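First to last, the protein sequences are chains A and B. Reading the first sequence from the start, the letters are residues 7 to 227 in this note's numbering. Reading the second sequence from the start, the letters are residues 7 to 227 in this note's numbering. For every residue, glycine included, the Cβ atom is placed at its ideal position computed from N, Cα and C. Here the structure is a predicted model, which means the values were calculated and not measured. The next block holds one structure in the form of structure tokens; read it before the comments.
Number of protein chains: 2
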Amino acid sequence: MSYTLPLNYLQEVFSTEKTKRYFFETKDFFDSLKPEQGGILPKMSRKNGSWTIKNSKKIFENDFFKVVEDDVLDPDEKESKYATIDLKPGVAVLPIDDDGFVYITRQFRYAIGRFNLEAIAGTVEGEDALTAAKREAKEELGIEADEWLNIGRIEAVTSITNSHADLYLAQKLKFSKPETEGTEELELVKLPLAGAHERVMQGEITHAETCVLVLKAVARK
Amino acid sequence: MSYTLPLNYLQEVFSTEKTKRYFFETKDFFDSLKPEQGGILPKMSRKNGSWTIKNSKKIFENDFFKVVEDDVLDPDEKESKYATIDLKPGVAVLPIDDDGFVYITRQFRYAIGRFNLEAIAGTVEGEDALTAAKREAKEELGIEADEWLNIGRIEAVTSITNSHADLYLAQKLKFSKPETEGTEELELVKLPLAGAHERVMQGEITHAETCVLVLKAVARK
Numbered sequence: 007m008s009y010t011l012p013l014n015y016l017q018e019v020f021s022t023e024k025t026k027r028y029f030f031e032t033k034d035f036f037d038s039l040k041p042e043q044g045g046i047l048p049k050m051s052r053k054n055g056s057w058t059i060k061n062s063k064k065i066f067e068n069d070f071f072k073v074v075e076d077d078v079l080d081p082d083e084k085e086s087k088y089a090t091i092d093l094k095p096g097v098a099v100l101p102i103d104d105d106g107f108v109y110i111t112r113q114f115r116y117a118i119g120r121f122n123l124e125a126i127a128g129t130v131e132g133e134d135a136l137t138a139a140k141r142e143a144k145e146e147l148g149i150e151a152d153e154w155l156n157i158g159r160i161e162a163v164t165s166i167t168n169s170h171a172d173l174y175l176a177q178k179l180k181f182s183k184p185e186t187e188g189t190e191e192l193e194l195v196k197l198p199l200a201g202a203h204e205r206v207m208q209g210e211i212t213h214a215e216t217c218v219l220v221l222k223a224v225a226r227k
Numbered sequence: 007m008s009y010t011l012p013l014n015y016l017q018e019v020f021s022t023e024k025t026k027r028y029f030f031e032t033k034d035f036f037d038s039l040k041p042e043q044g045g046i047l048p049k050m051s052r053k054n055g056s057w058t059i060k061n062s063k064k065i066f067e068n069d070f071f072k073v074v075e076d077d078v079l080d081p082d083e084k085e086s087k088y089a090t091i092d093l094k095p096g097v098a099v100l101p102i103d104d105d106g107f108v109y110i111t112r113q114f115r116y117a118i119g120r121f122n123l124e125a126i127a128g129t130v131e132g133e134d135a136l137t138a139a140k141r142e143a144k145e146e147l148g149i150e151a152d153e154w155l156n157i158g159r160i161e162a163v164t165s166i167t168n169s170h171a172d173l174y175l176a177q178k179l180k181f182s183k184p185e186t187e188g189t190e191e192l193e194l195v196k197l198p199l200a201g202a203h204e205r206v207m208q209g210e211i212t213h214a215e216t217c218v219l220v221l222k223a224v225a226r227k
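As structure tokens, this is what we get:
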């Protein structure tokens, strides 16, 4: 995903009033300027809100995230450094069957070093978010669905990470064999939506994407 | 927070069956082994679920997060690299007054490059989570409260990030002057809980901590 834009358009976007407007109105466009999207990272000093970014240095990059450290002038014009993490966009899916059961996973999560109860979740791999959601549901739990509903996006730790997940409820389900990768240690957990909700309310399910999926699924009823 | 344990205890913990049990039963203890807690990072090869970590290299560290890249054998015994991000533990607070209004913020968030509607949020600075929650509420919005309720923890992108936020509802509020730092551009937004809930349900509020706070606050009623 790479954007090519004429330079004057770019300058217009980075001028103050316009920038404000674009921040609010066209997040997608702003996203295209973020380095992780393969977008434009201008060499010239530029504004980020009331911060001035004088220089950006890539610290680390792999298939899943990128760490960039900026030399900045903070809103008080003081020199400082600001490091941020751009994560690959994500999706999460909560399948709900006709009898009100939901299908989640119990899987080992490397970064937290333990097994966790989580909705189907994965990253968007050069496709649209819905396609990624459908792919992950099929791969992880062998679930296909006739009805897909986008119930919003979540972003966590927005001061430091540029990371979002688009959330989907899947209904009218069909089940087949999962296509789990070798490195995924994953069990299917089937439970009533009300039971999942109780676990979220009790703080037993902590996975942010799953909490929001379950809470919104119940609130919609 | 630093733990000193006899070596044989450590070996016991890293042996397979025991490890499994500890993963499930004592997350706090396992957390103490994580580098970001000032814990023990053994030089010897060790297990992380079905992964074997042969070596760990710190890529980057600042006051807010740390990136570590591990040389691993994946569950299929294939050599690979696995990079994770440890973020400083966080807190988020939703103050609700006696008339059912909630107090959130509209603030510029550097990593996403735009203003965002978010509950009070911050990091735990060598204190317990409740103390951090109280401090952040006072600093950001000048809010103190007589009733504090922990409504659980959230964790996001658990495959890559070790990051959690403890969530609090604050009630019986008292208002004074905020103690915002110079670099925080922050506005108070007061709205009925039902209004906040609608914005979450519509996908207009995307901040994960805020979504879960608002959804749980409504679900508790």
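{"Check": "Helix, strand or coil: how does DSSP classify Thr137/B here?", "Outcome": "helix"}
{"Check": "Mapping DSSP to helix, strand and coil, what is Thr164/A?", "Outcome": "coil"}
{"Check": "Going along the chain, which residues of the segment 50 to 66 of chain A sit with their C-beta nearer than 9 Å to a C-beta in chain B?", "Outcome": "Asn54, Gly55, Ser56, Trp57, Ile65 and Phe66"}
{"Check": "For Glu193/A, return the contacting residues in chain B, with the cut-off set at a CB-CB distance below 7 Å.", "Outcome": "Within 7 Å Cβ-Cβ: nothing; Glu193/A doesn't reach chain B, min ~13 Å."}
{"Check": "Per DSSP, what kind of secondary structure is Glu185/A in: helix, strand or coil?", "Outcome": "coil"}
{"Check": "Could you run through the segment 149 to 171 of chain A and flag, in chain order, every residue whose CB is less than 9 Å away from some CB of chain B?", "Outcome": "Asn156, Ile157, Gly158, Arg159, Ile160, Glu161, Ala162, Val163, Thr164, Ser165, Ile166, Thr167, Asn168, Ser169, His170 and Ala171"}
{"Check": "Give the DSSP bridge partners of Tyr109/A, in chain order.", "Outcome": "Lys196/A"}
{"Check": "Hey, out of Ser182/A, Thr58/A, Thr212/A and Gly128/A, whose CA is closest to Glu150/A's CA?", "Outcome": "Ser182/A"}
{"Check": "Considering just the uninterrupted stretch of the beta strand (DSSP E) at Val6/A, what are its terminal residues?", "Outcome": "The requested residue 6/A does not occur in the structure, where chain A is confined to residues 7 to 227."}
{"Check": "Alpha carbon to alpha carbon, how far is Ile160/A from His213/B?", "Outcome": "6 Å"}
{"Check": "Does the beta carbon of Ala135/B sit closer than 8 Å to a beta carbon anywhere in chain A?", "Outcome": "no"}
{"Check": "Taking 8 Å as the threshold (beta carbon to beta carbon), is Ala89/B in contact with chain A?", "Outcome": "yes"}
{"Check": "Can you give the beta carbon distance from Ile59/A to Glu75/A, rounded, assuming they're within the 8 Å contact cut?", "Outcome": "That belief does not hold up - the Cβ atoms of Ile59/A and Glu75/A are roughly 11 Å apart, past 8 Å."}
{"Check": "Is the segment 67 to 82 of chain A close to the segment 107 to 118 of chain A, with three or more CB pairs under 8 Å?", "Outcome": "no"}
{"Check": "Report the three-state DSSP secondary structure of Val130/B (helix, strand or coil).", "Outcome": "coil"}
{"Check": "Mind listing the chain B neighbours of Lys222/A? Cutoff is C-beta to C-beta under 9 Å, in chain order.", "Outcome": "Val206, Met207, Cys217 and Leu221"}
{"Check": "With distances taken from CA atoms, which of Val218/B, Glu67/B and Asp80/B is nearest Ala162/A?", "Outcome": "Val218/B"}
{"Check": "Would you mind working out which of Glu215/B, Lys227/B, Arg226/B and Val206/B sits nearest Lys222/A, comparing C-alpha positions?", "Outcome": "Val206/B"}
{"Check": "Tell me which same chain residues have a C-beta within less than 6 Å of the C-beta of Val220/A, skipping the five on either side of it?", "Outcome": "Ala202, His203 and Val206"}
{"Check": "Chain A beta carbons: is any one of them nearer than 8 Å to that of Pro81/B?", "Outcome": "yes"}
{"Check": "In whole angstroms, give me the CA-to-CA distance for Arg141/B and Ala171/B.", "Outcome": "15 Å"}
{"Check": "So which residues on chain A does Arg115/B lean against when the C-beta distance must stay under 7 Å?", "Outcome": "Thr164 and Ser165"}
{"Check": "In whole angstroms, what separates the C-alpha of Val97/B from that of Gly158/B?", "Outcome": "10 Å"}
{"Check": "Looking at the C-beta of Thr111/A, does it have a partner C-beta in chain B at a distance below 8 Å?", "Outcome": "no"}
{"Check": "What residues of chain A sit near Ile118/B, judged by a beta carbon separation below 8 Å?", "Outcome": "Glu161, Thr164 and Asn168"}
{"Check": "Would you identify the three-state DSSP class for Lys144/A, choosing helix, strand or coil?", "Outcome": "helix"}
{"Check": "Going by alpha carbons, who is nearest to Thr216/B out of Ala127/B, Gln177/B and Glu131/B?", "Outcome": "Ala127/B"}
{"Check": "List the residues that DSSP assigns as beta-bridge partners of Glu85/A.", "Outcome": "Leu79/A"}
{"Check": "Compare the C-beta of Val73/B against all C-beta atoms of chain A and say whether one is closer than 8 Å.", "Outcome": "yes"}
{"Check": "Does the CB of Leu123/B have a neighbour CB from chain A at under 8 Å?", "Outcome": "no"}
{"Check": "Tell me, please, whether the CB atom of Ala214/A is closer than 8 Å to any CB atom in chain B?", "Outcome": "yes"}
{"Check": "What do you get for Asn61/A, buried or exposed, if any count of 16 or more other CB atoms within 10 angstroms of its CB means buried?", "Outcome": "exposed"}
{"Check": "Which residues share a DSSP beta bridge with Lys53/A?", "Outcome": "Thr58/A"}
{"Check": "DSSP three-state label for Arg27/A, please.", "Outcome": "Bear in mind that the predicted position of Arg27/A carries a pLDDT of just 36, short of 50, making it unreliable; the figure below should be weighed with that in mind. Note: Arg27/A maps to helix in three-state DSSP."}
{"Check": "Going by Cα to Cα distance, which pick from Thr129/B, Glu185/B and Thr167/B is closest to Lys94/A?", "Outcome": "Thr167/B"}
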